[in-house]
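Protein chains in written order, with this note's numbering: chain V, 3 to 49; chain H, 982 to 1129; chain S, 39 to 554.
We treat Cβ as the ideally placed atom computed from N, Cα and C, and that holds for glycine.
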Amino acid sequence: PGMDLTTLGLNLNSPENLYSTFQSPWVDLPCRPQDIDFHVPWEYMTN
Amino acid sequence: PLGPVPLGKDNIFQLVMSDSGFVHLPHPSDSERLRHHLPRNPCPTPSYYPQTPPPHADSVEFFQRLSTETLFFIFYYMEGTKAQYLAAKALKKQSWRFHTKYMMWFQRHEEPKTINEDYEQGTYIYFDYEKWGQRKKEGFTFEYRYLE
Amino acid sequence: IEDPPGLHEKTEYLLREWVNMYHSPAAGRDSTKAFSAFVQQMHQQGILKTDDLITRFFRLCTEMCVDLCYRALSEQTHNSGLVRAKCFHTLDAFVRLITLLVKHSGDTANSVTKINLLNKVLGIVAGVLLQDHEVRKTEFQQLPYHRIFIMLFIELNAPDIILENINFQVLTAFCNTFHVLRPTKAPGFCFAWLELISHRVFVGRMLALTPQQRAWGMYAQLLIDLFKFLHPFLRNAELTKPIHFLYKGTLRVLLVLLHDFPEFLCDYHYAFCDIISTNCIQMRNLILSAFPRNMRLPDPFTPNLKVDMLADIAHAPRIPTNFANMITPVSFKNDLDSYLKTRSPVTFLSDLRSSLQSNEPGSRYNISLMNALVLYVGTQAIQHIHTKSLTPSMSTIAHSSHMDIFQNLAVDLDTEGRYLFLTALANQLRYPNSHTHYFSCTLLYLFAEANTEAIQEQITRVLLERLIVNRPHPWGLLITFIELIKNPQFKFWTHEFVHCAPEIEKLFESVARSCI
């Protein structure tokens, strides 16, 4: 009967895009904000 | 319904190679910049701990509900990430402003005593990332060329 | 051909220098200060003198970076975080160097020089990978190559005016490289490969941000590469753990595409279903369930739903694949066109079965040819009906050269061939459009006009196997099956096969209950 695709860790009812927080084909959780590399202003790179 | 087909030599080789690839699967951090301060550190937790972030945890509205100290922590320790960006946005909504020379966040404690084209001067609260705490500074000149 | 004497040492020195400069606080924003100084050093060492030297430099750098990773991976096996940090320390610096060399190659406006250099570097990394894969075999490590490709892609897609101007060529270069490194060619790299092509930045650029869907075709080719790799293993249904893992990862990616880019799946459904194994019913259903986001699908369970009154069924779906060209040889295509036009010679029908047969191991039929024939005849039929200012229905699709071919195939083929034929028809049951409507009518017509119960049973089986798997189910499949079991014209419940065993009877009743 195949798999229950709702158990693969994707919010299929989300009104937002899924690809922008898609972490990996092997992980059943989306990216958290701290997992997503972002182009922040250069001044923010304090380190 | 069409029945199985014996695998050819190429297919057997592909199975052997994918087996070995499976042993060294890519890790999510392989596609992320190095996280110097907070690298991923998987730690088993009891199953009754929340296993997923709360809903809409990646929105500005959620970040605005976090304490300012949490926002500062995210800003300084998760640099180059969406979390830092959202923390900065939330801080700005609470009237904090980033000083690019001192690399600190400032907030007017009172209406500045002087404001002109180039600077404003007065009493400010700022967050000292080295001492990790908020401080008050009287008579501080905030030059606009250092305003982010 | 041997490297010139001393080049290895020079390269090692330069690479080490660059890594130090990259990590130094004085490197400047985006390493621009460090880069200016480093390019001088490269000139002084003569690395940039000739194309051959540049090529050798990149190859040696790649090999050194890879060797460093293998050493790190073998030294410390208990702390993978530290090992990765050590590898990325050099790999990320190398990637930044490549990015800056590409960006500043030639004049600002000269994209040709930049892309040529990028293609050269990608080709070199791919070549080193394939050689490494060949030599080390099961000891091959995906990590260094995965890191180089993903970080290079991310850097070359940074918000920058120079890079934006060459973005489409950058995407093309990466897609070509990923195609060269497809799983059938580098199976030891397949997990990293799927991670690369499903990365959010890559998907975003390929499917969302590139205007006019210009990159869709390239992305479709990568998915086809993936399906081709999985095909023989999925066909045999017994999956090893790694292949099952890869299959599950593929389903996740397809779900993301179904949610975010259903129109992409709609456009390429034919190409995908042509390669997906016939027993991969759920994966195929996933693709066939896609429908355009601006479309509102009527509830297939609506009582008295008048499908032929829906406005959408007048419109043909977009199918970029040139399926007409897949009808080969040319002589067969000419005979087919001639028969469609004139209904002669009659021998065309009796020769049809042998034209579809194949000597390929594993299938006695040419499945791609079958699929192309079915879609071509069907689209020609729709066109023919429209020229008479009619719409497809049970009466207008009948008594035509097109239906002659379909009925002949239903009767003349053996069980295997008929299964493939019916599968090809059922693959067009999707969202409301002219193809879904025509092929739905065709399946029902073939059921009604079948001269043996075996044909009716097989039509039922082809539909049922798509319904009893877990969701999603294509709209066209549902309305076809509902029509079959509801419409008294088909006398569905009187057939012996419906009652051939208690389990089967229960199954049909259960499906009917959920449908009605």
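CB contact flag (residue i, residue j, <9 Å)
i, j, result
"isoleucine 357(S)", "histidine 307(S)", "yes"
"glutamate 233(S)", "serine 1028(H)", "no"
"alanine 164(S)", "leucine 219(S)", "yes"
"glutamate 276(S)", "proline 985(H)", "yes"
"glutamate 1050(H)", "tyrosine 46(V)", "no"
"threonine 23(V)", "leucine 14(V)", "no"
"valine 449(S)", "isoleucine 405(S)", "no"
"tyrosine 60(S)", "leucine 135(S)", "yes"
"phenylalanine 1053(H)", "alanine 1068(H)", "yes"
"histidine 237(S)", "isoleucine 313(S)", "no"
"leucine 481(S)", "threonine 518(S)", "yes"
"glycine 66(S)", "arginine 1021(H)", "no"
"leucine 181(S)", "leucine 289(S)", "no"
"phenylalanine 216(S)", "isoleucine 186(S)", "no"
"leucine 53(S)", "cysteine 103(S)", "yes"
"isoleucine 1055(H)", "phenylalanine 1044(H)", "yes"
"isoleucine 200(S)", "glycine 4(V)", "no"
"tyrosine 457(S)", "glutamine 496(S)", "yes"
"serine 1001(H)", "arginine 122(S)", "no"
Candidates the options, of which the one nearest residue i by Cα
i, options, result
"leucine 138(S)", "Leu277(S), Tyr403(S), Asp68(S)", "Asp68(S)"
"alanine 309(S)", "Met347(S), Pro341(S), Leu261(S), Thr288(S)", "Leu261(S)"
"threonine 1104(H)", "Ser1001(H), Gln1115(H), Glu1092(H), Tyr1110(H)", "Glu1092(H)"
"isoleucine 523(S)", "Val77(S), Pro336(S), Val449(S), Phe485(S)", "Phe485(S)"
"phenylalanine 530(S)", "Leu516(S), His511(S), Asn372(S), Glu491(S)", "Glu491(S)"
"leucine 31(V)", "Gly11(V), Glu18(V), Asp37(V), Asp39(V)", "Gly11(V)"
"asparagine 19(V)", "Arg551(S), Val536(S), Arg334(S), Pro300(S)", "Pro300(S)"
"leucine 996(H)", "Asp305(S), Leu168(S), Leu45(S), Thr176(S)", "Thr176(S)"
"leucine 411(S)", "Thr385(S), Ser433(S), Phe459(S)", "Phe459(S)"
"arginine 4(S)", "Leu505(S), Met347(S), Leu303(S)", "With chain S covering 39 to 554 only, the question about residue 4(S) has no answer from this structure."
"histidine 142(S)", "Leu91(S), Tyr469(S), Ser74(S), Glu47(S)", "Ser74(S)"
"asparagine 274(S)", "Thr480(S), Gly400(S), Trp254(S)", "Gly400(S)"
"arginine 940(H)", "Glu1042(H), Leu1072(H), Glu1098(H)", "An answer regarding residue 940(H) cannot be provided, because it is not within the stretch 982 to 1129 covered by chain H."
"isoleucine 420(S)", "Trp231(S), Met441(S), Tyr403(S), Val536(S)", "Met441(S)"
"tyrosine 257(S)", "Asn323(S), Met244(S), Phe206(S)", "Met244(S)"
"phenylalanine 227(S)", "Lys286(S), Tyr469(S), Val166(S)", "Val166(S)"
"isoleucine 325(S)", "Leu515(S), Gln79(S), Cys538(S), Ala253(S)", "Leu515(S)"
"serine 433(S)", "His475(S), Thr461(S), Tyr483(S)", "Tyr483(S)"
"lysine 286(S)", "Ser16(V), Trp28(V), Asn49(V), Gln36(V)", "Trp28(V)"
"lysine 1082(H)", "Leu983(H), Tyr1125(H), Gly989(H), Glu1119(H)", "Tyr1125(H)"
"leucine 91(S)", "Gln179(S), Ser431(S), Ile39(S)", "Ile39(S)"
"alanine 464(S)", "Asn489(S), Ile443(S), Leu505(S)", "Leu505(S)"
"valine 140(S)", "Ser327(S), Ile153(S), Ala131(S), Asn214(S)", "Ile153(S)"
"valine 173(S)", "Leu272(S), Ala224(S), Arg381(S), Glu487(S)", "Ala224(S)"
Bridge-paired residues (DSSP) for residue i
i, result
"aspartate 39(V)", "Thr1062(H)"
"arginine 334(S)", "DSSP lists no partner for arginine 334(S)."
"arginine 1078(H)", "Phe1087(H)"
"tyrosine 60(S)", "Tyrosine 60(S) pairs with nothing; no bridge assigned."
"leucine 1128(H)", "His1080(H)"
"methionine 395(S)", "Checking the sequence, you will find glutamine at residue 395(S) rather than methionine. Paired residue(s): Tyr403(S)."
Delimiting residues of the alpha helix (DSSP H) encompassing residue i
i, result
"methionine 256(S)", "254-273"
"lysine 379(S)", "368-380"
"valine 77(S)", "70-82"
"phenylalanine 302(S)", "300-305"
"tryptophan 513(S)", "513-524"
"aspartate 991(H)", "990-1004"
"serine 548(S)", "540-553"
"aspartate 90(S)", "89-113"
"glutamate 491(S)", "491-505"
"proline 182(S)", "181-194"
"histidine 1017(H)", "Counting along the chain, histidine 1017(H) falls outside any alpha helix (DSSP H), and DSSP gives it neither H nor E."
"histidine 424(S)", "405-425"
Bounding residues of the beta strand (DSSP E) (the contiguous stretch that carries residue i)
i, result
"glycine 1103(H)", "1100-1109"
"threonine 1122(H)", "1114-1124"
Cβ of residue i within 9 Å of any chain A Cβ
i, result
"threonine 8(V)", "The chain labelled as chain A is not found among the protein chains of the depicted structure, namely V, H and S."
Proximal residues, the region 1053-1065 of chain H versus chain V, C-beta separation under 7 Å
Tyr1057, Met1059, Glu1060, Gly1061, Thr1062, Lys1063, Ala1064, Gln1065
Chain S contacts from the region 998-1019 of chain H (Cβ-Cβ distance under 8 Å):
Met998, Ser999, Asp1000, Ser1001, Gly1002, Phe1003, His1005, Leu1006, Pro1007, His1008, Ser1010, Asp1011, Ser1012, Arg1014, Leu1015
Contacting positions in the region 226-245 of chain S - beta carbon closer than 7 Å to chain V
Leu232, Glu233, Ser236, Arg238, Val241, Gly242
Please list, in chain order, the residues of the region 269-291 of chain S that have any C-beta partner in chain V closer than 9 Å.
Phe283, Leu284, Lys286, Gly287, Thr288, Leu289, Arg290, Val291
What residues in the region 181-215 of chain S bring their beta carbon closer than 7 Å to a beta carbon of chain H?
Leu181, His184, Arg185, Ile188
Could you list the residues in the region 35-47 of chain V with a C-beta less than 7 Å from some C-beta on chain H, going in chain order?
Pro35, Gln36, Asp37, Ile38, Asp39, Phe40, Val42, Pro43, Glu45, Tyr46, Met47
Against chain V, which members of the region 482-508 of chain S pass a CB distance test of less than 7 Å?
Ile506, Val507, Asn508
Closer than 7 Å, Cβ to Cβ, to anything on chain V: give me those residues from the region 56-80 of chain S, in chain order.
Arg67
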